[in-house]
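Read the structure below first, then the notes.
Number of protein chains: 2
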Amino acid sequence: MSRWSLPPSAIPTAWFNVIPHLTSPLQPPLHPGTREPVGPDDLAPLFPMALIGQEVSTDPWIDIPGEVLDILRLWRPTPLVRATRLEKALGTPARIYFKDESVSPSGSHKTNTAVAQAFYNKQEGIARLTTETGAGQWGTALSFACSQFDLDLKVYMVRTSYEQKPYRRIAIETWGGEVVPSPVDDPNNPGSLGSAISDAVRDCVSRDDTHYSLGSVLNHVLLHQTVIGLEAKEQLEQAGERLPDVVIAPCGGGSNLGGITFPFVPEKDVRLLAVEPVSCPTLTQGTFDYDFGDVAGTTPLLPMYTLGHDFMPPSIHAGGLRYHGDAPLVSQLVRDGRMEAVAYPQGKVFEAAVQFTRTEGKIPAPETSHAIRAAIDEALAAKETGEEKVILFNFSGHGFLDLAAYDDYNNGRLPEEQG
Amino acid sequence: MSRWSLPPSAIPTAWFNVIPHLTSPLQPPLHPGTREPVGPDDLAPLFPMALIGQEVSTDPWIDIPGEVLDILRLWRPTPLVRATRLEKALGTPARIYFKDESVSPSGSHKTNTAVAQAFYNKQEGIARLTTETGAGQWGTALSFACSQFDLDLKVYMVRTSYEQKPYRRIAIETWGGEVVPSPVDDPNNPGSLGSAISDAVRDCVSRDDTHYSLGSVLNHVLLHQTVIGLEAKEQLEQAGERLPDVVIAPCGGGSNLGGITFPFVPEKDVRLLAVEPVSCPTLTQGTFDYDFGDVAGTTPLLPMYTLGHDFMPPSIHAGGLRYHGDAPLVSQLVRDGRMEAVAYPQGKVFEAAVQFTRTEGKIPAPETSHAIRAAIDEALAAKETGEEKVILFNFSGHGFLDLAAYDDYNNGRLPEEQG
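Taken in order, these protein sequences are the chains called A and B.
Start counting the first sequence at 320; every next residue gets the next number (the working numbering).
Start counting the second sequence at 320; every next residue gets the next number (the working numbering).
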């Protein structure tokens, strides 16, 4: 047997909060004007109180509302798969497992927090959400979630993506969301995630019926993703494994990484590994400091590894990993030595993606392929030492909407990179 | 509970052969030159003997080889899902279930027969396969399967699809297959499935190491798809249902339709419903007669419902349903009154697809959406009568690579149709 599918009744009913397990206290976000810690009132125009509460909660477990569980059960628990064909191709004694988050309606892990955020906003009487999206992975997930709770949604999409990558824009519209290119006030500007955040926040604060929604970085977002690691832990036990030796995930803002690794933080023998692109090496080359979440410098200051909020990463295919900073929770774990990080160039990542596709069958998203590269390298290292290492990685999303990237790789058109 | 996932160990270990259950004998295919029944020797240049044997077998069950099961278990059994959110939106007392074939590596049911065909060819010492593909659903499935058995693959892709729909071409290449536009000898010709079949067959017969592979229509192809219906039957029992009142699937060549309906043929109270586009109404408007499988008239003559092998259906988004004929097994069941057929115009089909997407979350392929339209109409009829009808349909594939079609629908750009 090489695939473990839990029944919908086995879905975790509480999220795992990593905050009580940190070895040093988490520093608070600071107001961009006063540089004092932000309070609930500062955030209330943007987020519902339930999410603001989760942002600072020190409860070890937080119950998942029944209405959220009902929707998550459309695709959760997701399968845990042992990649026996990849193992064989590598000739490794390691056992490689992946958690398949690509089976969600929008094709990635993003849907886990989208549903929770839509629910809490609806519960607080909000009628409409705004958000930004780059390549569109987050926008699709939130549009699906808003369709489930009958919420209106306006997505500010980075203009270059809006014009060059229409498929995710169409998917957002098919679920009922409205999409506009950003920046809205300058049709000649190609846009950036920073400009799109500014547009979405400006829209939100101008209307009483509207809140803003973020798909990564914040504590409550990572909290909602911990269903991934909780399920994986139970499925590994079913597979006869005690614990993995290493848990691996790609890191952009840090949400899928936090989701699969946090439930393993208390298990001191389990290594946790973040994988990032060499072109945006926040954890491997950045500085731990307070910095803004957006390019314009209007969000609260967050304590995190950062390349500087004005850092402009080169255009790479893993658009979800092009962020100048990291989630404070991930940053803290790296700073405290509980989590490791490694960076790979794009070509090595696609080489791993194609090897995975031809052995295990599924085409991974470019972001996901970073984790596959690291998992393969861990398995090859185990081949050298003969160690029967247990490797777990997060298959965070499929690559059906990223095939143009594979075309570039297949035809030798990937841009050169250092590293 | 609204989703039933069987463990990989519960996969069916034999295919269900519908031939012994037909009420009138199946007429044989005829040689295009002599008009005499074709024998195994006529087909040996194209297919391995194991598949030729399956084509005419009257055994009620045919064992699935272990090597095929090992690969099918990467994603099978597929989930059976009860569409409770769609039911609620419709206000129907009907219970609607769908079998989710979109979770396969290539995103559709086509992978089920692709794996079996690749296996039998490899077993007979074949090194290389050729095939044709229209929009690319079949080409992707066979490319995945060939990667698993280390077979070379050359796909002749209808030139207009090759040029206008690059994503499935890229996916075929990523799994290792070679793709060329067809017709190969005329770069100004937009091509058709008929020309692509001619190219693929010509290539095949010119080389001793090469066989040809077909993704629908033939008896052995439909046989390999019966895992769908066999699993669904078991899962419905788990869900507490005795039998469905009606089983629904889209019909192009007939392979996904045969796959989900054939195991229910012996259950006389279960209605079987084929759904086709009004623009290519083979079962509802065609004639039952011997006709060629390809436009050029070079294949054996098959007994089937046909619009004439030179019928050129208008360009619609459900490319998989643009075929002038139907599988002989499906045709026979319709002629004998055991199976019904209904045709829908494209706009009504997309209306159903969007309603499904906004309730159940998943974006269906345009072909699949035909079954959804019929399922919704059956459920609405049950609402009128108050009947607690049990409806089962085949969710044959996802629509991530068909989003341009949704863009046309969302923006009122679908071409006009009769019906």
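For each residue, glycine too, the CB sits at the ideal point set by N, CA and C.
Predicted, not measured: the structure shown is a model, and the values here were computed from it.
Out of A:549, A:629 and A:437, the CA that lies nearest to the CA of residue 617 of chain A is found in A:629.
Contacts with chain A at 8 Å (Cβ-Cβ) do not include residue 616 of chain B. Interface residue (Cβ-Cβ distance to chain A less than 8 Å): residue 426 of chain B is classified as such. Going by DSSP, residue 669 of chain A is part of the alpha helix (DSSP H) stretching over 665–679. Between residue 414 of chain A and residue 327 of chain B, the gap from beta carbon to beta carbon reaches 8 Å or more. Here residue 368 of chain A carries a helix assignment [DSSP, helix/strand/coil].
Taking 8 Å as the cut-off, the Cβ atoms of residue 675 of chain B and residue 685 of chain B do not count as close.
For residue 385 of chain B, no chain A residue has a C-beta closer than 9 Å to its own C-beta; the minimum C-beta separation is roughly 14 Å. Within the model, the alpha-carbon separation for residue 348 of chain A versus residue 431 of chain A is close to 24 Å.
Taken in chain order, the complete beta strand (DSSP E) segments of 3 residues or longer contained in the segment 436–519 of chain A are 447–452, 471–477 and 497–501. Bounds of the beta strand (DSSP E) holding residue 595 of chain B are 590–596. The residue among B:521, B:527, B:500 and B:419 with its C-alpha nearest the C-alpha of residue 367 of chain B is B:527.
Where residue 568 of chain B is concerned, the enclosing beta strand (DSSP E) starts and stops at 565–569. For the pair residue 687 of chain A and residue 717 of chain A, the Cα-to-Cα distance works out to about 8 Å.
Here the C-alpha atom of residue 517 of chain B lies approximately 12 Å from the C-alpha atom of residue 474 of chain B.
Using a CB distance cut-off of 8 Å, residue 438 of chain A does not count as an interface residue toward chain B. For the 8 Å CB-CB criterion, residue 576 of chain A and residue 563 of chain A do not form a contact. In the three-state DSSP reduction, residue 361 of chain A falls in the helix class (H, G or I).
Under the three-pair Cβ rule at 8 Å, the segment 577–585 of chain B does not count as touching the segment 633–641 of chain B. With respect to the 8 Å criterion, residue 491 of chain B and residue 395 of chain B are not classified as neighbours on the basis of their beta carbons.
With a 10 Å radius around the Cβ and a threshold of 16 neighbouring Cβ atoms, residue 399 of chain A comes out buried.
For residue 729 of chain A, a Cβ of chain B is located within less than 8 Å of the residue's own Cβ. If you look at residue 539 of chain B, you'll find it isn't in any beta strand (DSSP E); it sits in the alpha helix (DSSP H) that goes 538–543. Between residue 568 of chain B and residue 713 of chain B the beta-carbon gap is near 4 Å, inside 8 Å, which marks them as a contact. Bounds of the beta strand (DSSP E) holding residue 622 of chain B are 620–625. Under the Cβ distance rule, residue 726 of chain A counts among the residues neighbouring chain B, one pair being separated by less than 8 Å. Counting every other CB atom within 10 Å of its CB across the protein chains shown gives residue 424 of chain B a total of 16 or more, marking it as buried. In this structure, residue 514 of chain A keeps its C-beta atom at 8 Å or more from the C-beta atom of residue 436 of chain A. When the alpha-carbon of residue 695 of chain A is set against those of A:405, A:418, A:387 and A:504, the nearest one is in A:405. No Cβ-Cβ contact shorter than 8 Å links residue 645 of chain A with residue 678 of chain A.
Here residue 661 of chain A is bridged, per DSSP, to A:594. For residue 689 of chain A, the uninterrupted alpha helix (DSSP H) run begins and ends at 685–704, by DSSP. Straight through space, the alpha carbons of residue 498 of chain B and residue 519 of chain B are spaced by roughly 11 Å.
Contact between the segment 376–393 of chain A and the segment 656–664 of chain A is not established, with fewer than three Cβ pairs separated by less than 8 Å. Look at the segment 676–703 of chain B: the residues with a C-beta under 9 Å from a C-beta of chain A are 676, 677, 678, 679, 680, 681 and 682. In terms of beta-carbon proximity, residue 401 of chain A stays away from the interface with chain B, with every pair separated by 8 Å or more.
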